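Chemist:
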Amino acid sequence: MNNSSKKLRHGFEDDIGDDLSIGQSLQHLLAKRLSIREGLHPWLPSGLTLLGGKTKAGKSTFAEQIAEEVSLEKKVLYLALEYNERMAQGRFKRFTELHQVHIVVEGQMDRMGKGGEDQFDDLLFKYKPELVIVDILAKLKRHNTGHYDAEYQAMTEIKELIDKHDKDCLVLTHSSKPTANDSDDPFDKIIGSTALQGVPDNLMVLAQSNGHTKLNTKGRLIYPSELILDFKDGVYAERSGIAAELKDKAPLQAAILKLLEDEELKVSDMAKKLCRSDPQISSACQKLFNEGWITRENRTLPYRLVKNGLL
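Per this note's numbering: the sequence shown = residues 1474 to 1784.
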């Protein structure tokens, strides 16, 4: 390519660059001083989050607790689209005048595609909430054929409104019933997951297991995580302590760690306390030793903790 051709080519590209009205250079974007949005709640990442879970898995209770805690300091818009006024009154009776919540119940708002998009936009503009909770997605999103493109576009319509007003949003949806062909990925069980998973900034799944609740989370700017929650007196609490990480997957190892929180113990002592055989305790201790949870100076001395197991 001769110099004149290069000049023509470069000049042509420069002219196009000068006339661009859409987008921006990457350097210009990276140079912008954009405020970093802090999460409004320890369990809820910033952005649009889709929370899945089976019917009666506790999704609404979880969302109401998030709203209760956040609304003491920030405004919350709560679209309780499955509740009539009597049901909502019973569900939100713990809230007081200190909680900054604007609630929309069943029948007070149209779904998107029938005027709901303008109503939603108006609520976001006038109330100016920091957090929006939608319970439930099927009552808000535009009715469609259920095909991938239609579902994707219906979810995108909600996200674009949330992004337009720069808010955090938690949207509840249902998970499908388990089948023999299910994968181990909990996020695959979100109804319409192939279409719906691609739009939100974050995905969460709430599931009941062995008397406690698992909250799995992943997102574009966060690492995948799993929290163990206990539910008592109508409130979720994050399980903590040295044995929290192992309690579900390896209960015997968790029990050993719990014992060693208070004192150093030999295998025989732990076997008596846990009503297990010495070989069972020895095998579990060896696994904990290999993973760096416990240690001992030699085989004649007791085991002791060497690291914190907090989630």
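Backbone N, C-alpha and C fix where the C-beta goes; we use that ideal spot for every residue, glycine too.
Bear in mind the structure is a predicted one, so any value in this text is a computation, not a measurement.
Looking at the structure shown, is G1580 part of a helix, part of a strand, or coil, going by DSSP?
Modeler: Here residue 1580 refers to the residue found at position 107 when the sequence shown is read from its first residue. Looking at G1580 - three-state DSSP - the assignment turns out to be coil, as it is neither helix nor strand.
Chemist: Could you tell me whether the Cβ of D1636 comes closer than 7 Å to any Cβ of chain D?
Modeler: Of the protein chains in this structure there is only one, and it is not chain D.
Chemist: Taking a contact to mean a Cβ-Cβ separation below 7 Å, would you say L1571 touches L1513 in this structure?
Modeler: Position 98 of the sequence shown, counted from the start, is the residue given in the question as residue 1571. Position 40 of the sequence shown, counted from the start, is the residue given in the question as residue 1513. In this structure, L1513 does not lie closer than 7 Å to L1571 by Cβ.
Chemist: Would you kindly report the start and end of the unbroken alpha helix (DSSP H) that includes M1560?
Modeler: For this step, residue 1560 is matched to residue 87 along the sequence shown. It spans E1558 to R1564 - the alpha helix (DSSP H) in which M1560 sits, taken as one unbroken run.
Chemist: Quick test of your reading: S1519 and R1510, contact by CB under 8 Å. State the CB separation rounded to the nearest angstrom.
Modeler: In the sequence shown, the residue the question calls residue 1519 occupies position 46. In the sequence shown, the residue the question calls residue 1510 occupies position 37. Contact holds; Cβ gap of about 5 Å.
Chemist: Taking Cβ positions, are L1523 and K1532 nearer each other than 7 Å?
Modeler: In the sequence shown, the residue the question calls residue 1523 occupies position 50. In the sequence shown, the residue the question calls residue 1532 occupies position 59. Cβ atoms of L1523 and K1532: not closer than 7 Å.
Chemist: Excluding the 5 residues preceding and the 5 following G1589 in the sequence, name in chain order all residues of the same chain whose CB lies nearer than 7 Å to its CB.
Modeler: As a first step, residue 1589 is located in the sequence shown; it is residue number 116 there, counting from the start. Same-chain partners within the cutoff: M1582, D1583 and L1613.
Chemist: To the nearest whole angstrom, what separates the beta carbons of E1579 and E1541, a pair I think is in contact under 8 Å?
Modeler: Indexing the sequence shown from 1 puts residue 1579 at position 106. Indexing the sequence shown from 1 puts residue 1541 at position 68. With 8 Å as the limit, E1579 and E1541 do not qualify as a contact, their Cβ atoms being about 20 Å apart.
Chemist: Near P1775, what residues of its chain come up, given a Cβ to Cβ distance below 6 Å and the 5 sequence neighbours on each side ignored?
Modeler: As a working note, residue 1775 is residue 302 in the sequence shown. Taken in chain order, the residues that qualify are E1737, L1738 and K1739.
Chemist: Which word fits C1758, buried or exposed, when buried means at least 16 other C-beta atoms lie within 10 angstroms of its C-beta?
Modeler: As a first step, residue 1758 is located in the sequence shown; it is residue number 285 there, counting from the start. Burial call: buried.
Chemist: Would a C-beta distance cut-off of 7 Å place Q1573 and K1599 closer than the cut-off?
Modeler: Against the sequence shown, residue 1573 aligns to sequence position 100. Against the sequence shown, residue 1599 aligns to sequence position 126. Their beta carbons are not under 7 Å apart, which means Q1573 does not touch K1599 by this criterion.
Chemist: Just to confirm, is the Cβ distance from D1608 to L1645 under 7 Å?
Modeler: Walking along the sequence shown from the start, residue 1608 turns up at place 135. Walking along the sequence shown from the start, residue 1645 turns up at place 172. The answer is yes: Cβ separation under 7 Å.
Chemist: Cβ atoms of I1695 and L1643: under 7 Å apart, would you say?
Modeler: Taking the sequence shown and counting its residues from 1, one reaches residue 1643 at position 170. Taking the sequence shown and counting its residues from 1, one reaches residue 1695 at position 222. No.
Chemist: S1533 lies in the alpha helix (DSSP H); which residues open and close that run?
Modeler: By one-based count along the sequence shown, residue 1533 stands at place 60. Segment K1532 to V1543, the alpha helix (DSSP H) holding S1533.
Chemist: Using the beta-carbon count (16 or more within 10 Å), is K1640 buried or exposed?
Modeler: Residue numbering aside, residue 1640 sits at position 167 when the sequence shown is read from its first letter. When all chains shown are included, K1640 counts as buried.
Chemist: Comparing alpha-carbon positions, which option in R1615, I1635 and S1756 lies nearest P1602?
Modeler: As a position in the sequence shown, residue 1602 is number 129, starting the count at 1. Nearest C-alpha to P1602: I1635.
Chemist: List the whole-angstrom C-beta distance separating G1526 from S1698, where the pair is believed to meet the contact cut-off of C-beta under 8 Å.
Modeler: One-based indexing of the sequence shown puts residue 1526 at position 53. One-based indexing of the sequence shown puts residue 1698 at position 225. About 16 Å; that fails the 8 Å criterion.
Chemist: Give the DSSP-derived three-state secondary structure of E1699 in the structure shown.
Modeler: The residue given as residue 1699 occupies position 226 in the sequence shown. The answer is strand: DSSP assigns E1699 an E or B state.
Chemist: Please confirm whether V1577 and M1628 have their CB atoms less than 7 Å apart.
Modeler: Walking along the sequence shown from the start, residue 1577 turns up at place 104. Walking along the sequence shown from the start, residue 1628 turns up at place 155. The answer is no: Cβ separation not under 7 Å.
Chemist: Within 10 angstroms of its Cβ, does S1508 collect 16 or more other Cβ (buried), or is it exposed?
Modeler: Counting from one through the sequence shown, the residue named residue 1508 turns up at place 35. Result: exposed.
Chemist: Have a look at T1690 and E1630 and give me their C-alpha separation to the nearest angstrom.
Modeler: Reading the sequence shown from its first residue, position 217 is the one you call residue 1690. Reading the sequence shown from its first residue, position 157 is the one you call residue 1630. Taking the straight line joining both Cα atoms gives about 23 Å.
Chemist: By Cβ distance below 6 Å, which residues in the same chain neighbour D1703 in space, the five residues on each side in sequence not counted?
Modeler: Within the sequence shown, residue 1703 is the residue found at index 230, counting from 1. Within the same chain, D1703 has close Cβ partners H1685, A1710 and R1712.
Chemist: Use the C-beta contact count for N1675: other C-beta atoms within 10 angstroms, 16 or more gives buried, fewer gives exposed.
Modeler: Along the sequence shown, one-based indexing puts residue 1675 at 202. With 16 or more other Cβ atoms within 10 Å, it is buried.
Chemist: Closest by CA to Q1638, which one among K1745, L1747 and F1593?
Modeler: Reading the sequence shown from its first residue, position 165 is the one you call residue 1638. Looking at the sequence provided, one finds His at residue 1638 rather than Gln. Nearest C-alpha to H1638: F1593.
Chemist: If you drop the 5 nearest sequence neighbours on each side, which residues of the same chain put their C-beta closer than 8 Å to that of N1557?
Modeler: Along the sequence shown, one-based indexing puts residue 1557 at 84. Taken in chain order, the residues that qualify are V1578, E1579 and G1580.
Chemist: What first and last residue would you give for the beta strand (DSSP E) that runs through H1620?
Modeler: Within the sequence shown, residue 1620 is the residue found at index 147, counting from 1. Unbroken run through H1620: none, as it is neither H nor E.
Chemist: Out of T1569, A1536 and S1741, point me to the one whose CA is closest to Q1753's CA.
Modeler: Residue 1753 sits at position 280 when you count from the first residue of the sequence shown. Nearest option by C-alpha distance: S1741.
Chemist: Identify which residue in D1591, H1575 and A1744 has its Cα closest to the Cα of E1633.
Modeler: Counted from its first residue, the sequence shown places residue 1633 at position 160. Considering only alpha carbons, the answer is D1591.
Chemist: Counting only runs of 4+ residues fully inside the segment 1582-1618, write out the alpha helix (DSSP H) ranges in chain order.
Modeler: Whole alpha helix (DSSP H) segments, 4+ residues: 1589-1600.
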